[in-house]
């Protein structure tokens, strides 16, 4: 019984760790108006000012990340380029991708 509980606990912890993983979110770093910094790993999570954002897929090429008082709209174009915009407490506008 103890082994089953340990296995169940590990499964729950693994699910929680990937709760904000969204298949299709592209890898990017961006600066948004109001000194908002956004980072995403491939398939998530999305971080807004270093805090994990609540992220959802609108469809297979559009995503939305909420956190730190802002909403980041993520658009993956047909050529796989990424466009971001922000709305919320900071000035609204288009985010600038940061190249490595």
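In my numbering, the protein residues as written are -15 to 84. Built from N, CA and C at the ideal position, the CB exists for glycine as well.
Under the DSSP definition of a beta bridge, residue 35 partners with 32. DSSP places residue 79 outside both helix and strand once states are collapsed to three, so it counts as coil. Taking C-alpha positions only, residue 27 is separated from residue 5 by approximately 6 Å. Around the beta carbon of residue 31, 16 or more other beta carbons lie within 10 angstroms, which makes this residue buried. Its chain contains 67 as the residues whose beta carbon lies nearer than 7 Å to that of residue 61, once the 5 sequence neighbours on both sides are disregarded; these appear in chain order.
With contacts defined by Cβ atoms closer than 7 Å, residue 8 and residue 75 do not form a contacting pair.
If you look at residue 9, you'll find it isn't in any beta strand (DSSP E); DSSP assigns it neither H nor E. Per the coordinates, the alpha-carbon of residue 34 lies some 14 Å from the alpha-carbon of residue 12. Residue 46 is bridged by DSSP to 59.
In the three-state reduction of the DSSP assignment, residue 24 falls in the strand class, which pools E and B.
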